[in-house]
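Just so you know, the sequence shown maps onto residues -6 to 467 in this note's numbering. Ideal placement from N, C-alpha and C gives every residue a C-beta, glycine not left out. First comes the structure, then the notes that go with it.
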Amino acid sequence: MALFLPVVVLGYYLLVGRSRQATLLFLVTSSFFFYLYWNWRLGWIIALSIAINYGLGKLIYNKGKAGASKNYLILGVCFNLFLLGYFKYAGFLITNINGLFKSGFTVPQIILPLAISFFTFQQIAYLVDVHRKKVSGGYHSLVDYTFFVAFFPQLIAGPIVHHSDIIPQLADEKLPEIVEKRYENLAKGLSIFLIGLFKKVYIADTLALVADQIFDLKSFSGLTTPTAWIGVLAYSLQLYFDFSGYSDMAIGLGRMLGIKLPINFNSPYKAVSIADFWRRWHITLSTFLRDYLYFSLGGNRVGKIRHNFNLFLTMLLGGLWHGAGWTFVIWGALHGLFLIVNRVFSQFFSGTSFRIPVALSRLLTFICVAIAWTYFRADGISDADQILEKMLFNFNFSSTVKLHNFDWIILVTGLILAFWAPNTAELFSYKETSLKIKKLQWKPNLAWGCFLLFVGFGSFLYLSREVKFIYFQF
């Protein structure tokens, strides 16, 4: 795969100024090659999913009557949920049925297709938009549609893209600009990619070693309060730098081809409330849950009790989307409860002068998020409960943490970057920011060149550790 990116970039720029159709076919072929490299035996699943969803979308588009269109939409949503349910949740469901009813059903050993949660959600959103007549310019061609679903930088773990965000970027009138700005896009895209790679292999993978020491303990009876907090803190930072690092790499790869993918992270640990956190964390998933689930349930256009129920159910299903396990359900439920408390608190003090200091708001928000991450990472509910007991109730302040000096340096560095430093979107000027940060923004100069050389060299030294991206499992 070391030659994959150079070949794709070279082939892309040889074609993009000559033929839109050839460019799209080249990107689609490259994307399928990229996907099949990970597990070629399951490639038929994404191909089948794309073919059926495209056909159903066309039926929805061609049906003028709302009733007929809705029937095909229901069929499409059911197909997608069945596909996702079988491959991701069948084993979980049968295991729980066996446990509840003492039955002896065989639990199938099903291999989870890579990225199935991501490409399923994107296609459900597309079908809904076709039904709502939000697809402009006529129904897309099969090549356009396949490019939207399977574009390799975002295919495996997002950002979750909307058809209106990506397909128009390769419209005929846009191609000359892509050719004209190719050197700028290559330089900026490679820079963003290297920042993401550094976040992943240098910070996240180092913090993984710290977090794993605590979460992988065979017994938590000897766990002390400082050790538990350091383990949860390390995992909270690991997950952020792992996932935001991947998103940066995806955005960077897209930018190298002149394609702008949506921002997925905006310094989530600087959030001053849980609602603010979800405006900053996995932004494309939050947007999907809001637009296609929360609003469909009625959103906030209903009574208070129903509104709270809508919030809770949305987050509960968002938790289940992440994985087939009760720990993910609890994680989603906790965020649902946090959002309800956030809403009630905000309403109670609205119209008053009462304000929690920003620093305290950030700290309280992060503590809530970290508590929920404990269930997200733990191997089981009991493990998470025991860790949280040591953190919050059964205090023991004798520290047994055994970390190397380098681990402490990375932990502190991670805290500084997550809580105080400008994020990638601010540094690369695809987000509005302060004048102070603008002085630090990326420019094709010697200072940034030396910095990226250091970042790239340091990252490649650590590539041998081969720690998978956390969100690859979803």
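Residue span of the alpha helix (DSSP H) that contains residue i, given as start and end
{"i": "E419", "result": "417 to 420"}
{"i": "S456", "result": "A quick correction: the sequence has Leu, not Ser, at residue 456. That residue, L456, is in no alpha helix (DSSP H); it is neither H nor E in DSSP."}
{"i": "W31", "result": "13 to 31"}
{"i": "A44", "result": "36 to 55"}
{"i": "L3", "result": "-3 to 8"}
{"i": "I188", "result": "175 to 191"}
{"i": "G92", "result": "83 to 94"}
{"i": "T367", "result": "351 to 370"}
{"i": "V142", "result": "135 to 143"}
{"i": "P255", "result": "Segment: none, P255 is in no alpha helix (DSSP H) and carries neither H nor E."}
{"i": "A164", "result": "Neither: A164 is in no alpha helix (DSSP H) and is coded neither H nor E."}
{"i": "V334", "result": "319 to 342"}
{"i": "L250", "result": "Neither: L250 is in no alpha helix (DSSP H) and is coded neither H nor E."}
{"i": "L282", "result": "276 to 282"}
{"i": "W314", "result": "297 to 315"}
{"i": "A268", "result": "267 to 271"}
{"i": "Q115", "result": "109 to 124"}
{"i": "I159", "result": "156 to 159"}
Near the ligand FAD: residue i beta-carbon under 6 Å from a heavy atom
{"i": "Y47", "result": "Summarising the ligand content, the structure contains no ligands, and the ligand FAD is consequently not present."}
Pairwise C-alpha distance: residue j and residue i
{"i": "N91", "j": "G97", "result": "6 Å"}
{"i": "L183", "j": "L327", "result": "38 Å"}
{"i": "L17", "j": "F140", "result": "7 Å"}
{"i": "A118", "j": "N46", "result": "11 Å"}
{"i": "S471", "j": "L445", "result": "Any question about residue 471 goes unanswered here, given that the chain covers just -6 to 467."}
{"i": "Y368", "j": "P101", "result": "25 Å"}
{"i": "I403", "j": "N416", "result": "17 Å"}
{"i": "F359", "j": "S260", "result": "12 Å"}
{"i": "H133", "j": "L187", "result": "34 Å"}
{"i": "Y195", "j": "W441", "result": "19 Å"}
{"i": "F399", "j": "M249", "result": "33 Å"}
{"i": "L282", "j": "L306", "result": "10 Å"}
{"i": "S452", "j": "Q116", "result": "35 Å"}
{"i": "A227", "j": "A221", "result": "10 Å"}
{"i": "S289", "j": "N303", "result": "9 Å"}
{"i": "E170", "j": "F321", "result": "44 Å"}
{"i": "A243", "j": "N73", "result": "25 Å"}
{"i": "W33", "j": "Y79", "result": "19 Å"}
{"i": "P161", "j": "L41", "result": "25 Å"}
Supposed contact pair residue j and residue i - C-beta distance, whole angstroms, cut 8 Å
{"i": "L254", "j": "V405", "result": "With a Cβ gap of about 31 Å, L254 and V405 do not count as contacting."}
{"i": "V265", "j": "W366", "result": "Actually they do not touch by this definition, with Cβ atoms about 18 Å apart."}
{"i": "A317", "j": "G130", "result": "In fact, because the Cβ distance is near 38 Å, the residues do not count as touching under 8 Å."}
{"i": "F145", "j": "S23", "result": "6 Å"}
{"i": "L148", "j": "I380", "result": "Not really, about 34 Å apart at Cβ, beyond 8 Å."}
{"i": "F462", "j": "Y176", "result": "Actually they do not touch by this definition, with Cβ atoms about 29 Å apart."}
{"i": "G50", "j": "V123", "result": "5 Å"}
{"i": "A418", "j": "N335", "result": "Not a contact, Cβ separation roughly 24 Å."}
{"i": "L163", "j": "R13", "result": "6 Å"}
C-beta neighbour in chain B for residue i, strict 7 Å
{"i": "N301", "result": "Of the protein chains in the structure, only one exists, and it is not chain B."}
* Fully enclosed by the region 190 to 219, which alpha helix (DSSP H) runs are 4 residues long or longer? -> 198 to 208
* Which ranges would you report for the beta strand (DSSP E) in the region 373 to 405 if only whole runs of at least 3 residues count? -> none
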